[in-house]
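The sequence shown begins at 270 in our numbering and counts up by one. Even for Gly, the Cβ is constructed at its ideal location relative to N, Cα and C. Please read these numbers as outputs of a predicted model, since none were measured by experiment.
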Amino acid sequence: YSQAAMHTYFGEEIDSFHVDTFRDAMGAIEEGRADFAVLPIENSTAGIVSEIYDLLVEYENYIVGEQVIPIAHCLLGIPGTKIEDIEMVYSHPQSLMQSSRFLQEHPVWKQISMQNNAFATQKVAEDKNGRQAAIASAFAGKLYGLEVLQEAIQNDKNNSTRFIIVTNQKIYI
Numbered sequence: 270y271s272q273a274a275m276h277t278y279f280g281e282e283i284d285s286f287h288v289d290t291f292r293d294a295m296g297a298i299e300e301g302r303a304d305f306a307v308l309p310i311e312n313s314t315a316g317i318v319s320e321i322y323d324l325l326v327e328y329e330n331y332i333v334g335e336q337v338i339p340i341a342h343c344l345l346g347i348p349g350t351k352i353e354d355i356e357m358v359y360s361h362p363q364s365l366m367q368s369s370r371f372l373q374e375h376p377v378w379k380q381i382s383m384q385n386n387a388f389a390t391q392k393v394a395e396d397k398n399g400r401q402a403a404i405a406s407a408f409a410g411k412l413y414g415l416e417v418l419q420e421a422i423q424n425d426k427n428n429s430t431r432f433i434i435v436t437n438q439k440i441y442i
C-alpha cells in the first residue's frame with residue numbers, strides 16, 4: 270500500500286527503494302540515502318500507527334504531503350493452496366486487526382505478526398508451504414507469485430489508510 274501511495278503522489282517513474290522498517294525509512298532520510306519516505310500514519314478502521322508518531326518526534330523530519338489510499342486486503346497463498354489447509358497467517362499487526370472478522374471465522378489459524386505485509390508475503394512465497402497464507406494487497410501477491418485465495422477480507426469495505434510523505438527539508442510541494 271505504501272507503494273500505491275508513493276506512485277499516486279510522485280508518479281510511476283519515481284526512483285525508489287524499500288527498507289525493512291519504518292525506522293529504517295526515517296534513517297535513510299537522515300543519512301541522505303533517500304529524499305522522502307512514505308509512511309502510514311492512520312487507518313480508518315484500526316486507528317493511528319503509533320510507531321510513526323514516535324518516529325516523528327525522534328527524527329527531525331517534516332510532513333510535506335499525504336495520500337489516502339483505499340485498503341483492500343487479500344488472503345494470499347502459494348498457487349494451489351486451499352483455505353481449509355491453512356494453519357498460519359502472516360501480516361502486519363494493523364492488517365490483522367483490519368481483517369479481524371474474517372480471521373475470527375477461522376479460529377484455528379495462528380496469526381503471526383510481521384514487520385510489514387511485504388515481508389509476510391515474501392515469507393509465504395519463499396517457504397512454499399500450503400499451510401501458510403499472508404494478508405496483503407493483490408499487488409504484493411502478484412509481485413511474489415502468490416495466488417489470491419480470497420479478496421476483500423478487511424472488516425470495512427471502505428477501509429483506507431492515510432500515508433504521509435516526510436523529508437528532512439522544509440519544502441512545500
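Query: Alpha-carbon to alpha-carbon, Asn428 and Ala421; Result: 10 Å
Query: Beta-ladder partner(s) of Phe432, from DSSP; Result: Pro309 and Gln336
Query: Unbroken stretches of the beta strand (DSSP E), 3 residues or longer, contained in the stretch 350 to 388; Result: 357 to 360 and 379 to 382
Query: Closest residue to Gln438 among Asn330, Glu281 and Gln401 (Cα-Cα distance); Result: Asn330
Query: Complete alpha helix (DSSP H) runs within the stretch 390 to 431 (minimum length 4 residues, chain order); Result: 407 to 412
Query: Start and end residues, alpha helix (DSSP H) containing Gly296; Result: Phe291 to Glu300
Query: Coarse secondary structure for Ile321, derived from DSSP in three states; Result: helix
Query: Selected residue, minimal CA-CA separation from Gly349, among Lys426, Asn386, Gln401 and Gln423; Result: Gln401
Query: Span of the alpha helix (DSSP H), counted from its first residue to its last, around Ser285; Result: Taken as a continuous stretch (DSSP letters only), Ser285 belongs to no alpha helix (DSSP H), as it is neither H nor E.
Query: Residue nearest to Ile283 in terms of C-alpha spacing, selected from Asp304, Met295 and Glu311; Result: Asp304
Query: CA-to-CA distance, Glu416 to Lys397, given in whole angstroms; Result: 12 Å
Query: At least three beta-carbon pairs within less than 8 Å, the stretch 381 to 393 to the stretch 284 to 292; Result: yes
Query: Beta carbon of Cys343 nearer than 8 Å to that of Ser271; Result: no
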